[in-house]
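A short write-up of the structure that comes next.
2 protein chains.
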Amino acid sequence: MTDHTVKSYDRDLEALGRRISEMGGVAEKMLSEAMEALSNLDVELAKRVVSSDPRLDALQREVEEAAIMTIARRQPLAIDLRECIAAIRISGDIERIGDLAKNIAKRTLKIATEARLPRAIVGLKSMHEIAATQLKDALDAYAERDVERARAVWENDADLDALEDSVFRDLLTFMMEDPRNISFCTHLLFCSKNLERIGDHTTNISETIVYLVTGEAMPMERPKLRPAGFAGEGEAAQ
Amino acid sequence: MTDHTVKSYDRDLEALGRRISEMGGVAEKMLSEAMEALSNLDVELAKRVVSSDPRLDALQREVEEAAIMTIARRQPLAIDLRECIAAIRISGDIERIGDLAKNIAKRTLKIATEARLPRAIVGLKSMHEIAATQLKDALDAYAERDVERARAVWENDADLDALEDSVFRDLLTFMMEDPRNISFCTHLLFCSKNLERIGDHTTNISETIVYLVTGEAMPMERPKLRPAGFAGEGEAAQ
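Residue numbers (the working numbering), protein chains in the order written: chain A, 741 to 978; chain B, 741 to 978.
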């Protein structure tokens with residue numbers, strides 16, 4: 741490649757990085773606002789979260805197209821090819837995280853008029869704290885190409901899974917205590933599942949960072965607190 | 741491109757198509773076996789479904805890598821580039837469908853020892869019939885590059901969403917009738933959500949086929965039976 745080509749190629753990669761960083765910011769905001777809307781049963785805020793989602797979808801398509809055009813035009817090898825592949829994968833995971841935050845906001849719209857049970861939301865708030873920290877760490881690890889931080893995110897996902905397990909049992913107990921809690925708690929069960937899956941996508945991002953920097957795939961098996969194959973949904977214990 | 745290059749390029753695309761067709765077969769089998777395991781609370785069959793999933797994950801990575809290497813080596817334009825992009829997207833959706841079928845199988849492992857309520861599974865079987873037909877149609881539409889069939893799949897997804905809505909209400913009713921049904925029905929709620937999301941991924945496949953053949957994106961808004969923004973999770977009414 742000539743110097744000129746190299747520079748314009750670097751600009752391509754920088755532009756990809758900027759878009760992904762913008763996506764990360766949008767997803768983080770959607771998640772924190774969705775949880776705030778759920779905690780306060782704030783319908784207006786929930787609607788704003790839902791309306792942010794198309795922006796994230798559009799950004800994801802942009803990243804995907806730009807990465808693929810870069811591959812087609814520049815025929816990159818090794819690390820530069822991995823940069824493009826990582827951009828495609830990470831933008832896909834961030835888009836899904838936004839989707840899951842949107843789902844929490846939509847649940848808020850559905851339960852806003854129902855009987856409230858504030859103690860049922862406590863566990864979800866703890867899950868959110870972990871999920872938000874993990875997401876921030878993964879995005880920072882990507883920005884800094886920090887493999888150790890990415891590995892730490894990967895390992896900490898088990899905490900979120902364990903907490904979902906406990907939230908699941910609590911919500912079932914509330915339902916059994918009083919059938920009037922059933923509808924409300926059912927929606928919270930799905931919110932809890934959404935938070936757990938946000939953790940899974942954050943873990944995917946970590947795996948992609950390790951692949952990007954080292955060229956190596958992480959093991960298929962993720963850290964678990966119980967035997968594989970008997971947990972709940974996805975990679976999570978429940 | 742020389743004749744030789746063109747032929748070897750065609751072979752690349754054919755190999756991609758064969759792998760995707762294999763993935764489709766694995767996912768269809770996982771879905772039908774997962775539902776059979778759920779209906780009969782068949783633990784052995786459920787375990788077999790769970791153990792099929794790594795094969796699908798490996799195939800997806802293979803398709804993704806092969807498509808990206810084809811883009812990098814051949815610098816395809818227009819329709820040929822879309823073939824590669826479509827392969828990446830469709831293999832991603834099929835992998836997710838297998839994951840969701842696996843989740844149904846894992847739920848079966850969890851509820852196998854619980855109180856049974858056969859009538860609670862009836863609605864899920866109807867959902868499965870639609871989801872399986874939709875998936876078969878989408879895979880056939882991909883194999884035949886049949887845009888009309890792909891569009892029909894896209895439009896029929898609303899039926900699955902409507903049925904999930906009704907299954908959701910039924911399951912809530914069973915829970916309210918008898919608290920001993922709560923745990924069992926909660927797991928079925930997640931199975932129903934998994935079937936609805938299989939429909940979403942099948943719809944994604946249809947959208948990709950339309951993009952592949954026509955070069956045009958489908959509208960962002962999918963057909964719905966109720967106002968947007970107030971439905972349940974994902975694109976689904978609930």
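Built from N, CA and C at the ideal position, the CB exists for glycine as well.
For residue i, does the three-state DSSP call read helix, strand or coil?
i	result
F970/A	At F970/A, the pLDDT of 36 sits below 50, so the modelled position is not reliable; the number obtained from the coordinates is stated separately. In the structure shown, F970/A sits in coil (DSSP, three-state: anything other than H, G, I, E or B).
A883/A	helix
E917/B	helix
L857/B	coil
P988/A	Nothing about residue 988/A can be read from this structure; chain A reaches only from 741 to 978.
A755/A	helix
E956/A	coil
Q800/B	helix
Q717/A	Nothing about residue 717/A can be reported from this structure: the residues present for chain A run from 741 to 978 only.
L903/A	helix
D820/B	helix
L781/B	coil
A826/B	helix
A694/A	The structure shown does not extend to residue 694/A, since chain A is modelled only from 741 through 978, so no value can be given for it.
Find the residues of chain B that neighbour residue i, judging by a C-beta separation of less than 8 angstroms, and give them in chain order.
i	result
L912/A	I922, S923 and T926
Q815/A	A812, R813 and Q815
Does any CB atom of chain A fall closer than 8 angstroms to the CB of residue i?
i	result
Q800/B	no
I811/B	yes
M916/B	yes
P919/B	yes
For residue i, return the contacting residues in chain A, with the cut-off set at a CB-CB distance below 9 angstroms.
i	result
L900/B	Result: empty, since nearest Cβ-Cβ is about 17 angstroms, beyond 9 angstroms.
Please list the partners that residue i has in chain A, where partner means a Cβ-to-Cβ separation under 8 angstroms.
i	result
L864/B	Per Cβ cutoff of 8 angstroms: no residues; L864/B is ~15 angstroms from chain A at best.
Give a yes or no on whether 8 angstroms exceeds the smallest Cβ distance from residue i to chain B.
i	result
L756/A	no
L821/A	yes
I949/A	no
R966/A	The predicted position of R966/A is uncertain, since its pLDDT is 45 and thus under 50; no value can be drawn from it.
R859/A	no
What does residue i touch in chain A if you count any residue whose Cβ is under 7 angstroms from its own?
i	result
L980/B	Outside the displayed range of chain B (741 to 978) lies residue 980/B, so it cannot be described from this structure.
Taking C-beta pairs closer than 7 angstroms, name the residues in chain B that residue i reaches, listed in chain order.
i	result
I825/A	I808
So which of the options has the shortest CA-CA distance to residue i?
i	options	result
K787/A	K769/A, T848/A, E754/A and G764/A	T848/A
L900/B	K933/B, D918/B and I844/B	K933/B
R789/B	T926/B, I837/B, P919/B and D833/B	With the sequence shown as reference, residue 789/B is identified as Val, and Arg is not the correct amino acid for it. That would be I837/B, whose Cα lies nearest to the Cα of V789/B.
D880/B	C925/B, L771/B, P919/B and S761/B	S761/B
I710/B	V783/B, R801/B and I938/B	Outside the modelled stretch of chain B, which goes from 741 to 978, sits residue 710/B, for which no answer is possible.
T948/A	E904/A, A890/A and N780/A	A890/A
I844/B	H868/B, L857/B and R859/B	H868/B
L817/B	Y749/B, M770/B and K876/B	Y749/B
T926/B	R909/B, D940/B and L840/B	R909/B
P919/B	T873/B, E854/B, N780/B and D877/B	E854/B
G757/A	E884/A, I851/A and A777/A	E884/A
D940/B	I819/B, A755/B, A872/B and E754/B	A872/B
L928/B	P794/B, E895/B, K769/B and I851/B	I851/B
L875/A	D897/A, R856/A and A860/A	D897/A
S946/A	A878/A, Q815/A and A774/A	A878/A
P858/A	M775/A, E773/A and S779/A	S779/A
Since residue i and residue j are thought to touch, with beta carbons under 8 angstroms apart, how far apart are those beta carbons, to the nearest angstrom?
i	j	result
I922/A	L864/B	Wrong, their Cβ atoms sit about 19 angstroms apart, outside the cutoff.
L821/B	I811/B	7 angstroms
V987/A	T954/A	Because chain A is modelled from 741 through 978, residue 987/A falls outside the range shown and cannot be assessed.
V950/B	V887/B	6 angstroms
I825/A	I830/B	17 angstroms between Cβ atoms; not a contact.
L840/B	S866/B	With a Cβ gap of about 17 angstroms, L840/B and S866/B do not count as contacting.
L796/A	A767/A	6 angstroms
M763/B	I834/B	5 angstroms
Can you find a CB in chain D that lies within less than 8 angstroms of the CB of residue i?
i	result
I760/B	Although the question refers to chain D, the structure presented lacks it and instead comprises the protein chains A and B.
Is it the case that the CB of residue i approaches a heavy atom of the ligand PLP more closely than 7 angstroms?
i	result
R937/A	The ligand PLP is absent from the structure shown, which contains no ligands of any kind.
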